[in-house]
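Residue 157 in full-length UniProt numbering sits at position 157 of the sequence shown, with consecutive numbering throughout. Positions of the beta carbon are idealized from the N, C-alpha and C atoms, including for glycine.
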Amino acid sequence: MTGTAFGPSSSATMNILPDSMSSQPWPPLAFWVMHLKDKNDPIMEGVLIETENMLARGRMDLPLNLCFATLRGDDLLLHQLLKRGLDPNEADNNGRTALHIAASKGSENCILLLLDYGADPNCKDSEGNVPLWEAMLAGHDSVAKLLKENRASITSGDIGHYACTAAEQNNLNLLKEIVQYRGDVTRPRHNGYTALHVAVCEGNIEIVKYLMDQGADIDKLDVHGWTPRDLAEQQGHEEIKTMFESEKKRKLNLSCRFRRMPRHGTLGGLRVSRLSVLQHQMRKMDRGANPGRGVGQGVKDDPIVNPSRVVISCLEKGQTNGKLVLLPGNIEKLLEIGAKKFGIFGANVVSKGGAEIDDIEVIRDGDHIVFVSDGRQMLQHQQQTTIPKPQCNGFP
1 MTGTAFGPSS
11 SATMNILPDS
21 MSSQPWPPLA
31 FWVMHLKDKN
41 DPIMEGVLIE
51 TENMLARGRM
61 DLPLNLCFAT
71 LRGDDLLLHQ
81 LLKRGLDPNE
91 ADNNGRTALH
101 IAASKGSENC
111 ILLLLDYGAD
121 PNCKDSEGNV
131 PLWEAMLAGH
141 DSVAKLLKEN
151 RASITSGDIG
161 HYACTAAEQN
171 NLNLLKEIVQ
181 YRGDVTRPRH
191 NGYTALHVAV
201 CEGNIEIVKY
211 LMDQGADIDK
221 LDVHGWTPRD
231 LAEQQGHEEI
241 KTMFESEKKR
251 KLNLSCRFRR
261 MPRHGTLGGL
271 RVSRLSVLQH
281 QMRKMDRGAN
291 PGRGVGQGVK
301 DDPIVNPSRV
311 VISCLEKGQT
321 NGKLVLLPGN
331 IEKLLEIGAK
341 KFGIFGANVV
351 SKGGAEIDDI
361 EVIRDGDHIV
371 FVSDGRQMLQ
381 HQQQTTIPKP
391 QCNGFP
């Protein structure tokens, strides 16, 4: 229900007055004065005096409603209106409620009254503003905390608009506060414009860096096809251009690292080989057979959480190039892999330098290990001076 810029129309005020008075052709403030005089309420005496002064100044048609009371910070009047049944969520033509106004003015008593009578802490006005944002924007920290404690959420509103507003004000602390209240400052406005676009236009290097640390996309297009990188180029912000170039190189390096992962399947959002899935299942079975192992060890051995890759080869079987596999949870499983890959049973495992390995814990990511069938083969391996670098489906 909407009304004037101050709140609902005067007909809403009539509802709080006796029927004998609401039928009279007098302005709402005049009705209110008569009602207060009839009640003879000492608590409302100050309200009565102020209302009479307004009538004396000719302000006869000013609507008497929650927004009016809240704008004045008059919690006594607000309480009287709420007790007489006015809707705590009634909004003006811009969708602003009394709670929006109370939050922007930092009126804690008014906020508590409105919440007690059922005001929605996450109501949005026509611009997507919520009361919590009004309090944050005005710097009323205690009010923002009070609203948060009463289920107010910044994510109920237009986060992209809030982030852009903070960037337009060059207010880094406000951006950090949005993040503190679980808002995503990388989200765009309805036109695709982000806080990073704004920060680049403002030339605010500190805010640009902060937004990049939060994951802002330097190549995010707005509705006109402009990216933050384009704006930096167009406006000649050299330091920002350098920051963006470094970010581009970092993303390229990350992309290259992920392209080196096996391409046979996916698990948990990461691309992994079918062998790694099998080994993951084998390790789970192994942990079940050894209940004495601690929880921490189980997580450490999990190939999906912390995969270690090793190169395996078997010189006596003519396998000199090597194969890249994920390291299993124990030495027995490693020997099983050797048996499957090279057909060698009862083998020993040695390092590239010829040292015998009998504990899986000493093997590290990237190690080259060799399967040998007996001591003579181990000696022969120690006499080898070089082993060709493995070639393994995209792995170096």
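- request: Pull up the distance between the alpha-carbon of alanine 152 and that of isoleucine 159, whole angstroms please.
  value: Within the sequence shown, numbered from 1, the residue matching residue 152 stands at position 152. Within the sequence shown, numbered from 1, the residue matching residue 159 stands at position 159. Whole-angstrom Cα-Cα distance: 14 angstroms.
field: alpha helix (DSSP H) segment containing histidine 197, residue limits
entry: For the purposes of this step, residue 197 is taken as the residue at position 197 of the sequence shown. Histidine 197 -> alpha helix (DSSP H) spans 195–202.
message: What residue range does the beta strand (DSSP E) around valine 370 cover?
response: As a first step, residue 370 must be located in the sequence shown, where it is residue number 370. Residues 368–372.
field: beta strand (DSSP E) segment containing serine 351, residue limits
entry: Position 351 of the sequence shown, counted from the first residue, corresponds to residue 351. For serine 351, the enclosing beta strand (DSSP E) stretches over residues 348–351.
task: Please name the residue, chosen from Asn109, Val200, Asn204, that lies closest to aspartate 219 on a Cα-to-Cα basis.
output: Residue mapping note: residue 219 aligns to position 219 of the sequence shown, counting from 1. For aspartate 219, the closest alpha carbon among the candidates Asn109, Val200, Asn204 is that of Val200.
message: So for threonine 2, helix, strand or coil by DSSP?
response: As a working mapping, residue 2 is identified with position 2 in the sequence shown. Model confidence at threonine 2 stands at a pLDDT of 44, short of 50, so the residue's coordinates are unreliable; what they give is reported in the following sentence. Reduced to three states, the DSSP call for threonine 2 is strand.
query: Quick one: what's got a C-beta closer than 7 angstroms to leucine 146's C-beta in the same chain, skipping five residues either side?
result: Counting from 1 along the sequence shown, the entry for residue 146 is found at position 146. So the qualifying residues of the chain are Glu108, Ile111.
query: For histidine 190, does the count of other Cβ atoms within 10 angstroms reach 16, so buried, or fall short, so exposed?
result: The sequence position of residue 190 within the sequence shown is 190, counting from 1. Histidine 190 should be labelled exposed.
- request: Using DSSP bridges, identify the partner residues of serine 313.
  value: Taking the sequence shown and counting its residues from 1, one reaches residue 313 at position 313. Paired residues: Val370.
- prompt: threonine 242: buried (16+ other C-beta within 10 angstroms of its C-beta) or exposed?
  reply: Here residue 242 refers to the residue found at position 242 when the sequence shown is read from its first residue. Exposed: under 16 other Cβ atoms inside 10 Å.
One or two residues paired with alanine 138 in a DSSP bridge: In the sequence shown, the residue the question calls residue 138 occupies position 138. Answer is none; alanine 138 lacks a bridge partner.
query: When DSSP labels each residue in this structure, what does proline 303 get in the three-state scheme?
result: Along the sequence shown, one-based indexing puts residue 303 at 303. Reliability fails at proline 303, whose pLDDT of 40 lies under 50, so the model's placement of it is uncertain and no value is given.
message: Can you give me the C-alpha to C-alpha distance between isoleucine 101 and leucine 175, rounded to a whole angstrom?
response: Within the sequence shown, residue 101 is the residue found at index 101, counting from 1. Within the sequence shown, residue 175 is the residue found at index 175, counting from 1. So the alpha carbons of these two residues sit roughly 22 angstroms apart.
Local conformation of arginine 274 per DSSP, three classes: As a working note, residue 274 is residue 274 in the sequence shown. Caution is warranted here: a pLDDT of 42 is assigned to arginine 274, below 50, making its placement in the model unreliable, and the coordinate value is therefore given only provisionally. Shown here, arginine 274 sits in a helix according to DSSP, grouped into three states.
query: Given a threshold of 16 other Cβ atoms within 10 Å of its Cβ, counted over all protein chains shown, does lysine 124 qualify as buried or as exposed?
result: As a first step, residue 124 must be located in the sequence shown, where it is residue number 124. Flag for lysine 124 reads buried.
- prompt: Residue range of the alpha helix (DSSP H) that phenylalanine 342 falls in?
  reply: To locate residue 342, count along the sequence shown from 1; it is residue 342. Per DSSP, phenylalanine 342 belongs to the alpha helix (DSSP H) from 331–342.
message: Looking only at its chain, what residues have a beta carbon closer than 7 angstroms to the beta carbon of glycine 269, apart from the 5 residues adjacent to it on each side?
response: Looking up residue 269 in the sequence shown gives position 269. Any reading at glycine 269 must be qualified, since the residue scores a pLDDT of 40, below 50, and its modelled position is unreliable; the value itself is stated next. Around glycine 269: no qualifying Cβ.
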